[in-house]
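Engineer: Protein chains in written order, with our numbering: chain A, -2 to 89; chain V, 8 to 755. Think of the CB as a built atom: it goes at the ideal place given N, C-alpha and C, for glycine as much as any other residue.
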Amino acid sequence: MDILALLVIAATIVAAGAVLAGPLRARGVQAGDERGDRLAELQARKEAKYREIRDTEMDFKTGKLSEDDHRTLDRQLRAEAMEILRAIDDEG
Amino acid sequence: MATVGRALLIIALCVALYGVVASIYGARLGRPAWVASGRRAVYVVAALCTGAFAILELAFLRSDFSFATVASHSSTTTPTFYKAAAAWSSQEGSLMLWVWLLSMWSSLVLFLTRRRLRRVAPYATAVLLGFAAFFAALLVFLETPFGVLAAVPAEGNGLNPLLRHPSMMIHPPMLYSGYTLFAIPFAFAVGALITRQVGAADWIRSTRRFALGAWFFLGIGILLGARWSYAELGWGGYWAWDPVENASLLPWLTGTAFLHSIMIQEKRGMLKIWNVSLVLATGILSILGTFLVRSGILDSIHAFGASTLGVPFVILITIMIAGSIGLVVWRREALRSEHRLDSLLSREAIFLANNLVLVAMAFVVFWGTFWPLIAEALTGDRRALGPPWFDRYTVPLALVLVLLSGVGPVIAWRRATASNARRNFVVPLVATLGMGVLLAALGVAQRPLAFGMFLCGTFVLASVGQEFWRGVGVRRAMTGERPPAALFSLVTRNRRRYGGYLVHVGMAVLFVGVAASTAFNNARDVRLDVGQRVAVGNDVFTYVKPTSRISTTSDGRLEKISLGSVVTVSRDGRTLSTLRPERSYFPSRDATLGPLGRFFEGEATSEIGLKAGLRGDIWAAMTPDKQALRPQIEEGDRVFAAASGKLPDAVEARLLGQALRGIADRYVADPPPATFRLITSPLVTWIWLGAIIVFLGGLIAIWPGGRDAQRRTARARHAARVAKELGTPARGPQTVSATGSAPGADLG
């Protein structure tokens, strides 16, 4: 094995070790942010609910839902969306 | 360089193993520093694998034959374009590509979720690093791409000529991108199960695009494989239910099912067990696909014992299956549905039916692929199930699938009323009926399955066309845009919906192409003399004259000898096309075949003659009668053997070239009969066009709509704020949602 190869390998090991050890050596790595996770989850639920409202709206506009069905569904979905928004506000 | 490459892989293996332990340790004990270190391990593995892969590629590009894999899979005469691709034509190179792609995708997903999914991500990291460690271990201990030769040969064996096709340059990276991308939803599903987060929307949102990307790339890989088969293998077909093809189709089918049913979980919190099972099965099938191709088990169950990779793969797959089943059973309480199906007349119900059909297709393909192995293991007798067996089950299922892909778009989510459904079905049904009458008048109904597929395809085109028409109408009514602008904004504001519809159209076009080219093709295998003609369907093929060609590389070395023909095709006395099919012979390095003989006894490829068109393809392949040249080749071999060592190398090479030219000229001057495979096949081009539409739709669905959506959301939020502070309702385009109504500020 030539010296250059050996040097490259040694440098790679040192660099990899430094990258891996970085968080372990750093002080004050934040504990898992449960609140952030909950917020992200609520945001994802909100997006999904909004998408559902938009889809229902589109279904109505393109003639796949009757006006009565759309009104009922839309009211129900918006109530669910409001619940999610309330939960987001509570987290905030 | 080989030493450095091997060292990088060993370090990657160690880092991956460290990352598995650090991630699980950090997650179990709540130590975020260890979790962060575990995530960094993924980035480090990606960097190391990139380095190792770059060294391997460089060795191929430089024709460094000190690398055993370069010597056995490339040569100085291999065109540069294919030298780069030759890396993944070998067992070890393809495994290297696998682990490199996996490490890159893993890095991407973990970077994107670095501030989210803090409970799920560490376990997903451990799973992804576990895969990386497995493949790195294979490369370190069993199939190293960095093995070196003690004696460096002056020339390599060269790339298998069959693989010298542009499709083959892209096909494996596409397939492997698909396989490795499916590992990501698999890993996050495992993490979600362990942490009881499987019902959460965030992990689905974070990995959905990766699942779609996997589906997209795997689909492209499958289609490129089919195109290669059609253009290069000389049998005239594009799909043979070959186990290697089936291995890639299996995860694509279950992945397609997952992409549909996950929408129901997102919207309704339903089908959690089904979805998680599908995503786990898709991940397992992706590994199984790699195993089938790489273990040699497809040739014979006995090859399994001889393969170095068989046992490790079986252990990995067993762990994946047992672990997946265990996790689903363990978390069954968390997987309960939050809602029930509102109505059988709803899009959810159609999606469920579509899922059942896709899974049934996957089961048929799985059974048909593994049956020969099962039979051989039980009876010692290998009994393959041929295309007719597969067709018997998959064709009816494909008919139902295409029909459902037309029904889904015209049915509402949650529940559709019968009167609305009736109204929405009128146009598609009338169009289908009209097409039925027309096709029946043309006699197409004599082939009922193809006839059925044409009707189902028409139904899909009409129903999706109606959806686009109505959607554009809604946009125009709302904004007053011109139709093209309305269409553009409709699609860009509803990428998932309209991208998906486009995929349905593409699949319908593709299946129509498959049905037509299967049911109505005409094929003949004939032996013709020059001047002879033969009728194939309505067309007459004439063997006009033979051709010969000697191809050399840029440095003057002989690359291949091609013996071909000129064939004209006419219909009703009118010439439609002139085809030039030929058979190319690449020299063998086996000197025992004789100085001249070795140029005709190496690998051979068919260069087909093809006239492709929207209405149909005219296809021809030919095999010259080499036996007729045998006396001359043997005589030449005797002469050169006698002169061996008596002539300077340059003179011998020049004489050899003249002798080969003489044989090629003799073939043209006094041609023996040649064997032809001649095919006329309608609508084959529609298969490739359908595939392009499918992938265009997939691209639209994948494309991030972030900036536009964010801009709209911000605008809507500001408008809502103004309205609130003024005490008046929000008005104007700022608050208009994607569909034109104003359901709320954030809905835009």
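Closer than 7 Å by beta-carbon distance: list the chain V residues that pair up with A/R42, in chain order.
Structural biologist: Here the neighbours are A208.
Engineer: Run down chain A in chain order and give the residues with a C-beta less than 7 Å from the C-beta of V/T424.
Structural biologist: By Cβ distance, chain A contributes S63, D66.
Engineer: Taking A/K61 as part of the alpha helix (DSSP H), name the residues at either end of that continuous run.
Structural biologist: Here A/K61 belongs to no alpha helix (DSSP H), and DSSP marks it neither H nor E.
Engineer: How would you list, in chain order, the residues of chain A whose beta-carbon sits under 7 Å from the beta-carbon of V/I418?
Structural biologist: K61, listed in chain order.
Engineer: Would the stretch 60 to 74 of chain V and the stretch 31 to 50 of chain A be scored as touching if the rule is three or more Cβ pairs under 8 Å?
Structural biologist: With the cut-off at 8 Å, the stretch 60 to 74 of chain V and the stretch 31 to 50 of chain A do not touch.
Engineer: Name the DSSP bridge partner or partners of V/Y592?
Structural biologist: Per DSSP, V/I568, V/A611.
Engineer: Please tell me whether V/S97 has its Cβ less than 7 Å away from any Cβ of chain A.
Structural biologist: False, the Cβ-Cβ gap to chain A never drops below 7 Å.
Engineer: From the DSSP output, in three-state form, read off V/Y245 for me.
Structural biologist: Coil, per DSSP.
Engineer: Taking C-beta pairs closer than 9 Å, name the residues in chain A that V/G478 reaches, listed in chain order.
Structural biologist: What V/G478 touches in chain A: M55, K58, T59.
Engineer: Helix, strand or coil: how does DSSP classify A/G23 here?
Structural biologist: The identity of residue 23 of chain A in the sequence shown is Ala, whereas the question assumes Gly. It is coil, neither helix nor strand.
Engineer: Looking only at C-alpha atoms, which of V/P168, V/N529, V/A666 sits nearest to V/N3?
Structural biologist: An answer regarding residue 3 of chain V cannot be provided, because it is not within the stretch 8 to 755 covered by chain V.
Engineer: When you compare only the Cα positions, how much space is there between V/G45 and V/Y25?
Structural biologist: If you take the alpha carbons of V/G45 and V/Y25, they lie about 7 Å apart.
Engineer: Taking 8 Å as the threshold, find out whether the stretch 222 to 239 of chain V comes into contact with the stretch 606 to 624 of chain V through three or more Cβ pairs.
Structural biologist: Contact between the stretch 222 to 239 of chain V and the stretch 606 to 624 of chain V is present, because at least three Cβ pairs lie under 8 Å.
Engineer: Quick one: list the residues of chain V neighbouring A/A2, beta-carbon separation under 7 Å, in chain order.
Structural biologist: The contacting residues are T10, V11.
Engineer: Report the neighbours of V/N431 on chain A: residues whose CB is nearer than 8 Å to its CB, in chain order.
Structural biologist: Within 8 Å Cβ-Cβ: G60, K61.
Engineer: Given V/I17, which residues of its chain have a CB within under 6 Å of its CB, disregarding the five upstream and five downstream residues?
Structural biologist: If we look at V/I17 and ignore the five residues flanking it on each side, its Cβ neighbours are V147.
Engineer: With 16 as the cutoff for other CB atoms within 10 Å, does A/T53 come out buried or exposed?
Structural biologist: Buried, because 16 or more other Cβ atoms sit within 10 Å of the Cβ of A/T53.
Engineer: Let me check understanding here. Comparing Cα to Cα, which of V/F298, V/T214, V/G276, V/G220 lies closest to V/N253?
Structural biologist: The shortest C-alpha separation from V/N253 is found at V/F298.
Engineer: Distance, Cα to Cα, V/M460 vs V/V407?
Structural biologist: C-alpha separation (whole angstroms): 9 Å.
Engineer: Determine the closest residue to A/F57 out of A/A23, A/G14, A/H67, with distance taken between C-alpha atoms.
Structural biologist: If we check each option's Cα against that of A/F57, A/H67 comes out closest.
Engineer: Check the Cβ-Cβ distances between A/L36 and every residue of chain V, and say whether any is below 7 Å.
Structural biologist: No - not a single Cβ of chain V is within 7 Å of the one on A/L36.
Engineer: I'd like the list of long-range same chain contacts for V/Q98, defined as Cβ closer than 8 Å, with 5 residues on each side in sequence excluded.
Structural biologist: Taken in chain order, the residues that qualify are E150, R301, L316.
Engineer: Would you tell me roughly how many angstroms separate the C-alpha atoms of V/P490 and V/V479, rounded to the nearest one?
Structural biologist: Near 7 Å, if we compare the C-alpha coordinates of V/V479 and V/P490.
Engineer: If you follow the beta strand (DSSP E) that V/V159 is in, where does it begin and where does it stop?
Structural biologist: No beta strand (DSSP E) contains V/V159, which DSSP labels as neither H nor E.
Engineer: Hey, V/M277 and V/S344: beta-carbon distance below 7 Å or not?
Structural biologist: Yes, they are a contact pair.
Engineer: DSSP state of V/N528, grouped into three classes?
Structural biologist: V/N528 falls in the coil class under three-state DSSP.
Engineer: Let me check you understand the geometry: is the CB of V/G472 closer than 6 Å to at least one non-hydrogen atom of the ligand FAD?
Structural biologist: Absence of the ligand FAD from the depicted structure is noted, as is the absence of any ligand whatsoever, leaving it without description.
Engineer: Between the beta-carbon of V/L124 and the beta-carbon of V/D209, is there less than 7 Å?
Structural biologist: Closer than 7 Å, so yes.
Engineer: Is any beta-carbon of chain V found at less than 7 Å from that of A/A13?
Structural biologist: Yes, A/A13 lies at the interface with chain V (some Cβ there is under 7 Å from its Cβ).
Engineer: Taking C-beta pairs closer than 8 Å, name the residues in chain V that A/A45 reaches, listed in chain order.
Structural biologist: Correct list: A208, R212, E273, K274.
Engineer: Do we get a CB-CB distance below 7 Å when we pair A/D86 with the residues of chain V?
Structural biologist: Taking Cβ atoms only, chain V never reaches closer than 7 Å to A/D86, which makes this a no.
Engineer: Can you give me the Cβ contacts of V/Y32 inside the same chain, cut-off strictly under 6 Å, excluding the 5 residues immediately before and after it?
Structural biologist: The answer, listed in chain order, is W41.
Engineer: I'd like the span of the alpha helix (DSSP H) that includes V/I62, first residue to last.
Structural biologist: It spans 39 to 68 - the alpha helix (DSSP H) in which V/I62 sits, taken as one unbroken run.
Engineer: So which residues of chain A does V/N501 contact, with C-beta pairs closer than 9 Å?
Structural biologist: Per Cβ cutoff of 9 Å: R51, D52, M55.
Engineer: Which class does V/W626 belong to by DSSP, given the choice of helix, strand or coil?
Structural biologist: DSSP places V/W626 in strand when its eight states are reduced to three.
Engineer: With which residues is V/D546 paired in a DSSP beta bridge?
Structural biologist: Looking at the DSSP assignment, V/D546 forms a beta bridge with V/V543.
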